Amino acid sequence: MTEYKIALVGFGGVNRGLAQLIADSNPSWQATLGFSLKIVGVTDLFLGSIIGRDGLDAATLVRLPAAKGAFAQLPGGSADAMNEEVIKHSGADIVAEATFTNPVDGEPATSFCRWALQAGKHLVTTNKGPIALHAAELKALADAHGVRFEYEGAVMSGTPVIRLAKQALAGSRIKGFEGILNGTSNFVLTRMEEGLGFAEAVSKAQALGYAEADPTADVEGFDVRLKVVILANELLGAHLGVNDVSCKGISGLSAADIDAAQRDGARWKLIGAAQRSADGSIHASVEPRLLKAEHPLAGISEAINAVSFDTELLGAVTVSGPGAGRIETAFALLSDIIAIHTAKTGQ
Ligand code: HSE
Numbered sequence: 005m006t007e008y009k010i011a012l013v014g015f016g017g018v019n020r021g022l023a024q025l026i027a028d029s030n031p032s033w034q035a036t037l038g039f040s041l042k043i044v045g046v047t048d049l050f051l052g053s054i055i056g057r058d059g060l061d062a063a064t065l066v067r068l069p070a071a072k073g074a075f076a077q078l079p080g081g082s083a084d085a086m087n088e089e090v091i092k093h094s095g096a097d098i099v100a101e102a103t104f105t106n107p108v109d110g111e112p113a114t115s116f117c118r119w120a121l122q123a124g125k126h127l128v129t130t131n132k133g134p135i136a137l138h139a140a141e142l143k144a145l146a147d148a149h150g151v152r153f154e155y156e157g158a159v160m161s162g163t164p165v166i167r168l169a170k171q172a173l174a175g176s177r178i179k180g181f182e183g184i185l186n187g188t189s190n191f192v193l194t195r196m197e198e199g200l201g202f203a204e205a206v207s208k209a210q211a212l213g214y215a216e217a218d219p220t221a222d223v224e225g226f227d228v229r230l231k232v233v234i235l236a237n238e239l240l241g242a243h244l245g246v247n248d249v250s251c252k253g254i255s256g257l258s259a260a261d262i263d264a265a266q267r268d269g270a271r272w273k274l275i276g277a278a279q280r281s282a283d284g285s286i287h288a289s290v291e292p293r294l295l296k297a298e299h300p301l302a303g304i305s306e307a308i309n310a311v312s313f314d315t316e317l318l319g320a321v322t323v324s325g326p327g328a329g330r331i332e333t334a335f336a337l338l339s340d341i342i343a344i345h346t347a348k349t350g351q
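First residue of the sequence shown? That's 5 in our numbering, and the numbers climb one at a time after it.
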C-alpha cells in the first residue's frame with residue numbers, strides 16, 4: 005500500500021478542492037490509482053497553519069471557515085502561517101503549492117517552490133508565476149534533488165494540455181499552437197455577442213468567480229501572456245520571457261466590431277499563440293483575432309478554454325475544457341500526483 009504524505013501551501017479554493025477530493029475519494033484511490041494521500045500540514049498566509057504528522061482529517065479541513073487565523077480553531081493549529089516549517093518539517097513527501105499568482109516576480113510562491121525542492125520534496129503547483137518566470141531554475145533544482153516537479157494546472161486547470169502535448173503528442177512535431185486560454189475574456193465576448201455591454205459582462209464574470217482578483221489581467225491579455233510563455237517554453241523549446249510576447253486584450257473591441265463579425269459568420273476571440281518559423285525562431289502573441297466559423301477554436305463559447313496544436317504529422321489537434329474552477333484545478337494537482345506515482349513505480 006503506497007501512501008504519500010502531502011503538505012498544502014495556500015488553502016484557498018484550489019487546495020481546499022484537493023482536500024475535498026481526498027475526503028471524498030481517498031479510500032477508493034488505493035484500488036483505482038494505486039496510492040492514497042495523507043495531509044500532514046497546511047499553511048496559508050490568511051488562515052494560519054497546522055501540522056499533523058499522523059494525518060489531518062481532510063473533511064475537517066474543508067469545513068474550516070475562510071476567516072483570518074481560522075486554523076487556530078483546530079487543536080494544534082495556529083493563526084500564523086508557518087510556510088517554511090510546513091514545507092520542510094511536516095514530514096511531507098509531496099508539497100502542493102496553490103497560492104496566488106504574482107505575475108511580476110512570482111513571489112512568494114517561487115520561494116515556497118524552492119524550499120520544497122531544496123528539501124527533497126516532490127512539488128506540484130497550479131501557479132502560473134513560478135512556471136512562467138522561473139521554470140528553468142526550478143526544474144534544475146528538482147533534478148539536482150532527485151524529485152519531480154509537475155504543473156499541469158498552470159494552463160487550462162485540469163484539462164490536459166502540457167502532459168498531453170509532451171507525452172501523447174511526443175514525436176508529432178508540434179510547430180505551434182493557438183489557444184483560447186482565458187475563461188473570463190471568452191465569457192465576456194460570448195455575452196457581448198448577445199448584446200451585453202463590456203463592463204456589465206466583466207461584472208458577471210467576476211460574480212461567477214472566473215476573473216482574476218484584478219480583471220484587467222483577464223481582459224487585457226496579461227493572464228494569457230503568462231500561459232503563452234509557459235506553453236511556448238514547454239512545447240516548442242522556446243526561452244521566452246513575458247516581454248517577448250506582444251500583448252493586446254479585448255477592451256478595445258466595440259459592440260459594432262462584434263456585430264460586424266457576426267454578420268460575416270465570424271467571431272472575435274482572444275488568442276494566445278506561438279509558432280516556430282522556418283529559421284527556428286519563435287513568434288508569440290496575444291491578440292483578438294477574427295475567426296471564421298471553420299476555425300477549430302471558433303465554436304468555443306462561455307468560459308471554456310481550448311488549445312489547438314499545429315503538428316506536422318497530424319495537422320491540428322484541439323482540446324477544449326474548463327480553464328479554471330476549484331475542483332477542476334484541484335484535479336490538475338491530482339493528475340500531477342498520479343504522474344509522480346507513475347514515474348516512481350514505472351506503472
Ligand atoms: N482568470 C482566469 C480565467 C483563471 O478567467 O481563465 C485561470 O487562470
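For each residue, glycine too, the CB sits at the ideal point set by N, CA and C.
Small disclaimer: the values here were computed from a predicted structure and weren't measured.
Through-space distance from residue j to residue i, alpha-carbon basis
| i | j | result |
| --- | --- | --- |
| A288 | G276 | 8 Å |
| L337 | N19 | 9 Å |
| L294 | A260 | 14 Å |
| W119 | V128 | 13 Å |
| V90 | I55 | 7 Å |
| F153 | L142 | 8 Å |
| P300 | C251 | 22 Å |
| S207 | K179 | 37 Å |
| L274 | I254 | 7 Å |
| D340 | A347 | 11 Å |
| K92 | I98 | 10 Å |
| R280 | E224 | 24 Å |
| G303 | A264 | 17 Å |
| L200 | S258 | 11 Å |
Contact under 8 Å by Cβ, residue i with residue j
| i | j | result |
| --- | --- | --- |
| I286 | W272 | no |
| T114 | K132 | no |
| V46 | L12 | yes |
| A205 | M196 | yes |
| A278 | L317 | no |
| D222 | S189 | yes |
| V323 | P164 | yes |
| H138 | G157 | no |
| F181 | P107 | no |
| S40 | E7 | yes |
| K170 | L240 | no |
| G124 | H345 | no |
Residue closest to residue i, alpha-carbon to alpha-carbon, out of the options
| i | options | result |
| --- | --- | --- |
| V151 | A144, S161, H126 | H126 |
| P134 | S339, V246, A334, E298 | V246 |
| F202 | G17, G256, D314 | G256 |
| L168 | T315, G38, A148 | T315 |
| L60 | T103, G73, G95 | G95 |
| R229 | A320, A242, R267, A136 | A136 |
| V159 | N309, I344, A320, R330 | N309 |
| A270 | M5, D147, E298 | E298 |
| D58 | G303, A320, G38, K9 | K9 |
| P292 | A282, Q77, L185 | L185 |
| A174 | F313, A282, M5, I342 | F313 |
| V321 | A172, D147, T220 | A172 |
Contacting residues, own chain, Cβ-Cβ under 6 Å from residue i (five flanking each side not counted)
| i | result |
| --- | --- |
| G183 | G276, V311 |
| E332 | S161, G162, P326 |
| F15 | V46, D48, L51 |
| A4 | With the chain covering only 5 through 351, there is no way to say anything about residue 4. |
| L68 | A74 |
| A102 | G14, V18, N19, T130 |
| A282 | none |
Close Cβ partners of residue i (< 8 Å) along its chain, the five nearest in sequence each way excluded
| i | result |
| --- | --- |
| E198 | none |
| A62 | A23, Q24, I26, A27, N30, I43 |
| S53 | G45, V46, T47, F75, G81, S82, D84, A85, M86, N87, E89, V90 |
| A307 | G187, T188, N190, F191, A209, L212, Y214, P326, G327, A328 |
Under the three-state DSSP convention, the category residue i falls into
| i | result |
| --- | --- |
| H299 | coil |
| F181 | strand |
| D268 | coil |
| F153 | strand |
| H243 | coil |
| I166 | helix |
| V249 | coil |
| K208 | helix |
| D218 | coil |
| S314 | Correcting the residue identity first, residue 314 is Asp in this sequence and not Ser. Three-state DSSP puts D314 in a strand. |
| G276 | strand |
| D109 | coil |
| T130 | coil |
| E159 | Inspection of the sequence shows that residue 159 is occupied by Val rather than by Glu. Coil at V159, not helix or strand. |
| P69 | coil |
Contact set for residue i: own chain, Cβ-Cβ below 7 Å, skip 5 residues either direction
| i | result |
| --- | --- |
| T194 | S305, E306 |
| Q122 | L145, H149 |
| V249 | R229, V232, V233, A288, S289, V290 |
| H243 | N237 |
| Q34 | M5, S40 |
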